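Novice: Got a structure for you, questions after.
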Amino acid sequence: MLLAFDTSSAAVTVALADPVSGEILASSTTVDALRHGELLAPAIASALSAAGCTPRDLTRIAVGVGPGPFTGLRVGLVTARTMADVLGIEVAGVCSLDILARQSSLALPVAVATDARRKEIYWALYDGPAADGSRRRLEGPAVDKPADVAQVLSGLPVIGRGAVLYADALQAEASDLEYPSAEVLAAGVATGTLEVVAPEPLYLRRPDVTMSGGPKSVLPK
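Here the numbering used here is used: the first residue of the sequence shown is 306, the next is one more, and so on.
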């Protein structure tokens, strides 16, 4: 079985799928930006139970690697790598913006813009879909103020939470696709229509909290 989840946004999304066909056996999505650590493990357990599986039935894990805020990404990546290490299975990372682009049914090039907080967006540009539904990333991922990239995204359908929050600045119509879907992640990895990368977090900028550099000297220089 293929277990897929993404915690790069305000949503905690989990899916269990057939590892070859990508058929979804169980899934759930909960939007709560402050409870990734509380929600992910129960959601995984619930998906396994609904499909009549145990962790030992898993053969592969797929996880969204961001870009996204530090805390949410850390929860997902640590969970994926810990489970994979215990079970002795592979972890496939996928750019979370790629997941959102793959969710679009539009037969056009699209832009993806998600909430990066600090009044910024994570964004990327994608080509129109190939015959198998995959999309080629043309530019990004990057992080910028919406107004700074409005001209770059101009004329394209914009998908993601960033398009909802900053529709005016982006001069874009808000999309009804706001968050990455674990169902799309699972199906894309199973069928090879999403590019797989190393399961390393894609932060694009430093976290808000950093390690202390140690006590400062009080001696005169």
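Where is the CB? At the ideal position from N, CA and C, for every residue including glycine.
Here the structure is a predicted model, which is why all the values come from computation and not from measurement.
With DSSP as the reference, label Thr498 as helix, strand or coil.
Specialist: Looking at Thr498 - three-state DSSP - the assignment turns out to be coil, as it is neither helix nor strand.
Novice: Could you check which residue in Leu378, Ala429 and Thr364 has the C-alpha nearest to that of Arg441?
Specialist: With distances taken between Cα atoms, Arg441 lies closest to Ala429.
Novice: Measuring straight from C-alpha to C-alpha, what distance separates Met516 and Gly460?
Specialist: Bear in mind that a pLDDT of 44 at Met516, under 50, signals an unreliable position, so the model cannot answer this.
Novice: Is it right to say Pro485 is buried, meaning 16 or more other beta carbons lie within 10 angstroms of its own, or is it exposed?
Specialist: Buried, since its Cβ has 16 or more Cβ neighbours within 10 Å.
Novice: Thinking C-alpha only, which one of Leu405, Ala309 and Glu343 is nearest Asp420?
Specialist: Of the listed residues, the one whose Cα sits closest to Asp420 is Leu405.
Novice: Starting from the N-terminal side, write out each stretch of the alpha helix (DSSP H) that is 4 residues or longer and does not extend beyond the stretch 316-393.
Specialist: Runs found: 341-355 and 375-392.
Novice: Just curious, the beta strand (DSSP E) that Asp311 is in, first and last residue?
Specialist: Unbroken beta strand (DSSP E) run through Asp311: Leu307 to Asp311.
Novice: Terminal residues of the continuous alpha helix (DSSP H) containing Pro414?
Specialist: Per DSSP, Pro414 belongs to no alpha helix (DSSP H) and is neither H nor E.
Novice: Find the nearest neighbour of Ala316 within the set Ala389, Asp473, Val463 and Thr376, judged by alpha-carbon distance.
Specialist: Checked all of Ala389, Asp473, Val463 and Thr376; the closest Cα to Ala316 is Thr376.
Novice: Pick out the complete beta strand (DSSP E) segments inside the stretch 432-460, 3 residues or longer, and give them in chain order.
Specialist: The stretch 432-460 contains these whole beta strand (DSSP E) runs: 442-449.
Novice: Is the distance from the Cβ of Ala320 to the Cβ of Ala487 below 7 angstroms?
Specialist: Closer than 7 angstroms, so yes.
Novice: Run the CB neighbour count on Val396, radius 10 Å, all protein chains shown included, and call it buried at 16 or more, exposed below.
Specialist: By the neighbour-count rule (16 or more Cβ atoms within 10 Å), Val396 is buried.
Novice: Count the other C-beta atoms from every protein chain shown that fall within 10 angstroms of the C-beta of Gln408, then say buried if there are 16 or more, exposed otherwise.
Specialist: Looking at its Cβ environment, which holds 16 or more other Cβ atoms inside 10 Å, Gln408 is buried.
Novice: With H, G and I counted as helix, E and B as strand and the rest as coil, what does DSSP make of Gly465?
Specialist: If DSSP states are grouped into helix, strand and coil, Gly465 belongs with coil.
Novice: Taking a contact to mean a Cβ-Cβ separation below 7 angstroms, would you say Leu411 touches Pro372 in this structure?
Specialist: Not closer than 7 angstroms, so no.
Novice: Is Arg407 helix, strand or coil by DSSP?
Specialist: Arg407 falls in the helix class under three-state DSSP.
Novice: Give every residue of the same chain whose Cβ lies closer than 7 angstroms to the Cβ of Leu475, excluding the five residues on either side of it in the sequence, and list them in chain order.
Specialist: Around Leu475: Ala418, Pro451, Ala455, Leu458, Val463 and Ala468.
Novice: Please report the distance separating the alpha-carbon of Arg422 from that of Ala492.
Specialist: If you take the alpha carbons of Arg422 and Ala492, they lie about 29 angstroms apart.
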